[in-house]
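These notes concern the structure reproduced below.
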Amino acid sequence: MERTLTDFVRVLRNAGVRVSPAETLDAASALALAGYGDRELVRQVLAATLAKTIDDKQLFDDCFTRFFAWPESADGAPAAPRSEPAPAPLAPAAPGATPLAGLAGTDDAALVLAIDAAARGAGIDAMSSFTQRGLYTRRTLEALGWQALQERILELEQAPPGAEPGRAAGLALKQWSDLLRERVREHVERHYLLFAGAQARELRESVLRSARLSQLEERDLEQITRIVRRIARRLAARYATRRREHRRGLLDVPRTLRAGVAHDGLLFEPRWKSRRRDRPALIALCDISGSVRAYARFLLLFLYGLGDVLPRVRSFVFSSRLAEVSELFAQHPPEVALALAQRLHGGGSTDYGAALRALLEASGRELDGGASVVILGDARNNRGDPALAALREIGRRARRLVWLTPEPESLWGTGDSEMLRYRGACSEVRVVQSIRQLERFADDLLRRD
Amino acid sequence: MSRTVLPPPLPTALMDSPADIRAGFEEAHYICSAQVATTVYLAYQLQKPVLVEGPPGVGKTELAKTLAQYLSLPLIRLQCYEGLDESKALYEWKYGKQLLYTQVLKDQLGDLLKGAHGLAESVARLHEFGDIFYSEEFLEPRPLLKAMRAEQGALLLIDEIDKADQEFESLLLEMLSDYQLSVPEIGTVRARHTPLVVLTSNSTREVSDALKRRCLHLYIPFPDAVLENRIVRAQVPEVTDALRAQLVGFVQALRELDLKKPPAVSESIDWARALLLLHARALDDVLVRQTLNVLLKFEDDIQAAAENLPALLAGARAAAP
Chain C
963 MERTLTDFVR
973 VLRNAGVRVS
983 PAETLDAASA
993 LALAGYGDRE
1003 LVRQVLAATL
1013 AKTIDDKQLF
1023 DDCFTRFFAW
1033 PESADGAPAA
1043 PRSEPAPAPL
1053 APAAPGATPL
1063 AGLAGTDDAA
1073 LVLAIDAAAR
1083 GAGIDAMSSF
1093 TQRGLYTRRT
1103 LEALGWQALQ
1113 ERILELEQAP
1123 PGAEPGRAAG
1133 LALKQWSDLL
1143 RERVREHVER
1153 HYLLFAGAQA
1163 RELRESVLRS
1173 ARLSQLEERD
1183 LEQITRIVRR
1193 IARRLAARYA
1203 TRRREHRRGL
1213 LDVPRTLRAG
1223 VAHDGLLFEP
1233 RWKSRRRDRP
1243 ALIALCDISG
1253 SVRAYARFLL
1263 LFLYGLGDVL
1273 PRVRSFVFSS
1283 RLAEVSELFA
1293 QHPPEVALAL
1303 AQRLHGGGST
1313 DYGAALRALL
1323 EASGRELDGG
1333 ASVVILGDAR
1343 NNRGDPALAA
1353 LREIGRRARR
1363 LVWLTPEPES
1373 LWGTGDSEML
1383 RYRGACSEVR
1393 VVQSIRQLER
1403 FADDLLRRD
Chain Y
-6 MSRTVLPPPL
4 PTALMDSPAD
14 IRAGFEEAHY
24 ICSAQVATTV
34 YLAYQLQKPV
44 LVEGPPGVGK
54 TELAKTLAQY
64 LSLPLIRLQC
74 YEGLDESKAL
84 YEWKYGKQLL
94 YTQVLKDQLG
104 DLLKGAHGLA
114 ESVARLHEFG
124 DIFYSEEFLE
134 PRPLLKAMRA
144 EQGALLLIDE
154 IDKADQEFES
164 LLLEMLSDYQ
174 LSVPEIGTVR
184 ARHTPLVVLT
194 SNSTREVSDA
204 LKRRCLHLYI
214 PFPDAVLENR
224 IVRAQVPEVT
234 DALRAQLVGF
244 VQALRELDLK
254 KPPAVSESID
264 WARALLLLHA
274 RALDDVLVRQ
284 TLNVLLKFED
294 DIQAAAENLP
304 ALLAGARAAA
314 P
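Here the protein sequences line up with chains C and Y, keeping their order.
So the first sequence is residues 963 to 1411, counted in this note's numbering.
So the second sequence is residues -6 to 314, counted in this note's numbering.
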């Protein structure tokens, strides 16, 4: 059973639930206490000890259903070897020739265990791709003694009429062997889905993380969104501890007096006026015209995913005109807000000049309050007025002005790109093409605050 | 991982299986799901703290209270809030008493030191008496220390841990894993009996992994219709079966709407009491409109519900047999 538990923990980890060794031990002692008899009880016990967030509970339920599916379906499957008389005569005919011989008459649980052991013997843990399942099915069958079983069937089928055990027994044994092959294949596929499937997924995720965002296909969006959310959550957790930083100020006379009451009026504990440092706002300006739309999507997803540690984000989008979308994000989940922003404010040819001037006007107060500004865009202004003065003004008043561009440095200044001219006004220009680079940017942003 | 084995608090009620607990709680009018009973059973048997999460008003605090009552243990409650610190949660020195005693004992000290030659000898004499002013007599125990020193064991409820600062969680770690606390001036205080610890959280902030690792985790969601029906029956037995089925159906449907704050179990119970006072026999449009503010606490929510009232009522009537 310990082996089963560690296997299950492995499945949970593959699914993204974080289970520590200490928790595995807890689960083991809890199971020892509660027993394994009642499936529902086992589920509750494991849920209490292994899955510790609401998301994890959901994942846990899925994993549990999949992982412990086998014994149930085994009970429900037609128990051919038990009801058919055929396998019984097999034993005397080929004593100990094949491990299967001993199994043919036994109950289902023993068969499941034998398949499991054989599969492990065949090195099933090394399976890494779905196309290998045929190979491992064959290897497992061989380990079970498939060859000997087939020879025995052949022998029985060719037995002279009237011989005992005769053709009928051979036929029954053949049916049983077909069933066995089916079971082994199921076992291998299930093993793949539980264990190797996660490896493949990890590989895919790591590819997606470094892929260029504009190249992503529609079907990857959901997965990327999930990755972004997970990274954002991790970053938020990492920086949450440093949220409250007090700066000690002057003596707070009333509070000191009040604290003194507990000590017979002696002013024993001085209390200080503390000034809570307000985290300055972050202003995000995103170009949502066709060329960089995908990037804007993920930047905003990131910023709003960091909600806990970046409490005040004002976001603006523009293509031909500037619009504030902070309200949209306050009212809807990020995905919906993004789609709405796109529909309401997208379209038209990009005008950086007008957007920068409008931004300066709309956010003057925050800028003086020490806000940081992040601009995302390719700086391709359709040869319009770049309004460099406005950007310089923003750069001067903001605590930091970061420009994120999806274009590599070699393309800056080519065609209608104003990047080389804008660059001087920014504290930093970063090339951001993939989730990984976006993550690094968010990390830096939080670290410096 | 070696853990100190301490005698569990005396079992005054049956804690032999989750089913016993469930039945026992039911007698105390606390209706819970099997998951709740199993987790409580494990917490008791394995002597592990439980972290209870769930939306507000599903009976997280009530669970701790019921458990304390069920086991006849004193309930020691620590309500968390932003800025909660050691001196409020663990212990504090009785400064006033210390000062007073030094004043009163001044003469005694004079007598004691009479005849001592030089500073060194005086200090040596004082040392013979040990750290009088930093001893147990001057220690003011706060909830955590109280729970550790309880003679018969105790149930410690750390309520709304998500409201406390993250640093406070770190403070809890020692206590939760080893049931001991360090008081620098005195040394380590070990629990006389392992206290049962229940932590609750409304998930306004993610509780740290370190804390979660040490706890069993229990998530209490809104109950399904059957369970809620039983809860309301246990709490407000005077309501007729038909009305109860209707009101539970209505509340369940209400939770499906996109509300700012969906009605909790405590609110369904309040509503049942309100309907009882109004001598209602069945839900109707006017009655529901007049009492909707018992269930919903935001004007927007009330409006949203009022708009959907006919459909909700129809659903509720259909739910009732």
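Quick reminder that beta carbons are idealized off the backbone N, C-alpha and C, glycines included.
For the structure I just gave you, are there three or more beta carbon pairs, one from the segment 191 to 210 of chain Y and one from the segment 16 to 26 of chain Y, closer than 8 Å?
no
Practice problem: Closer than 8 Å, Cβ to Cβ, to anything on chain Y: give me those residues from the segment 978 to 1007 of chain C, in chain order. | Solution: ARG980, SER982, ALA984, GLU985, LEU987, ASP988, SER991, ALA992, LEU995, ALA996, GLU1002, LEU1003, GLN1006 and VAL1007
What residues in its chain sit with their C-beta under 6 Å from that of SER1139/C, if we drop five residues either side in the sequence? LEU1111
* To do: Would you mind listing the alpha helix (DSSP H) stretches within the segment 234 to 258 of chain Y that are 4+ residues and don't spill past its ends, in chain order?
  => 234 to 249
- prompt: According to the Cβ coordinates, are GLY242/Y and ARG185/Y closer than 9 Å?
  reply: no
Buried or exposed: where does TYR998/C fall if 16 or more other Cβ atoms within 10 Å of its Cβ makes it buried?
exposed
Tell me, please, whether the CB atom of LYS1235/C is closer than 9 Å to any CB atom in chain Y?
no
What residues from the segment 1011 to 1026 of chain C come within 9 Å of chain Y, judged by C-beta to C-beta, listed N to C? THR1011, LEU1012, ALA1013, LYS1014, THR1015, ILE1016, ASP1018 and LYS1019
Worksheet item: The alpha helix (DSSP H) spanning GLU75/Y covers which residue range?
Response: Note, GLU75/Y: premise wrong, no alpha helix (DSSP H); not H, not E.
Presumed contact (8 Å Cβ cut-off) between ILE69/Y and PRO177/Y, rounded CB distance:
The pair is not a contact, with the Cβ atoms about 23 Å apart (cut-off 8 Å).
Within 9 Å, strictly: CB atoms of ALA304/Y and ALA218/Y
no
Fill in: Nearest-angstrom Cα separation, counted from ILE1115/C out to ALA1056/C
Residue confidence is low: ALA1056/C scores 37 on pLDDT, short of 50, so the model does not pin down where it sits. No coordinate-derived value is stated.
Is the Cβ of LEU1106/C closer than 9 Å to any Cβ of chain Y?
-> no
How far does the alpha helix (DSSP H) with SER341/Y in it reach, from first residue to last?
Outside the shown range of chain Y (-6 to 314) lies residue 341/Y, about which nothing can therefore be said.
By Cβ distance, which residues of its chain are closer than 7 Å to ARG1143/C, with the 5 residues on each side in sequence left out? LEU1103
- Message: For HIS1294/C and ARG1305/C, I'd like the C-alpha separation in whole angstroms.
- Response: 15 Å
Which residues does DSSP list as the beta-bridge partners of ARG1392/C?
LEU1366/C
*asked:* Which of the three DSSP states is assigned to ALA1079/C in this structure?
replied: helix
**Request:** Could you have a look at ASP104/Y and say whether DSSP puts it in helix, strand or coil?
**Result:** helix
Margin query: Going by the DSSP bridge assignment, what does LEU1338/C pair with across the sheet?
Written below: CYS1248/C and LEU1366/C
Check your understanding: Is there contact between the segment 1250 to 1260 of chain C and the segment 1331 to 1346 of chain C, where contact requires at least three CB pairs shorter than 8 Å?
Key -> yes
*asked:* Using only the alpha-carbon positions, how far apart do PHE1278/C and GLY1308/C sit?
replied: 12 Å
* Asked: Roughly how many whole angstroms lie between the Cα atoms of LEU1073/C and THR1099/C?
  -> 15 Å
- Member of GLY76/Y, TYR74/Y and VAL29/Y whose CA lies at the smallest distance from the CA of GLU55/Y: VAL29/Y
If you draw a straight line from the alpha carbon of LEU106/Y to that of LEU93/Y, how long is it in whole angstroms? 20 Å
Can you check whether the C-beta of PRO136/Y is within less than 9 Å of a C-beta belonging to chain C? no
### Message
Taking 9 Å as the threshold (C-beta atoms), are ALA1324/C and LEU1284/C in contact?
### Response
yes
request  = Could you pull the start and end residues of the beta strand (DSSP E) that TYR37/Y belongs to?
outcome  = TYR37/Y -> not in any beta strand (DSSP E); alpha helix (DSSP H) instead, spanning 27 to 39.
For PHE1230/C, return the contacting residues in chain Y, with the cut-off set at a CB-CB distance below 9 Å. TYR88, GLY89 and LEU92
ask   = What residue range is occupied by the uninterrupted alpha helix (DSSP H) comprising GLY111/Y?
value = 111 to 120
(message) Given this structure, state the Cα-to-Cα distance separating SER1172/C from ARG1166/C, to the nearest angstrom.
(response) 10 Å
- request: Measure the alpha-carbon distance for GLN1395/C versus PHE1264/C and round it to whole angstroms.
  value: 14 Å
- [ ] Give the straight-line distance between the Cα atoms of GLU1380/C and LEU1322/C, rounded to the nearest whole angstrom.
- [x] 19 Å
Query - CB contact below 9 Å: LEU1407/C versus chain Y - result: no
| said: Starting from VAL1279/C, trace the beta strand (DSSP E) in both directions and tell me its first and last residue. | reply: 1275 to 1280
Can the beta-carbon of ARG975/C be found less than 9 Å from the beta-carbon of ASP1018/C? no
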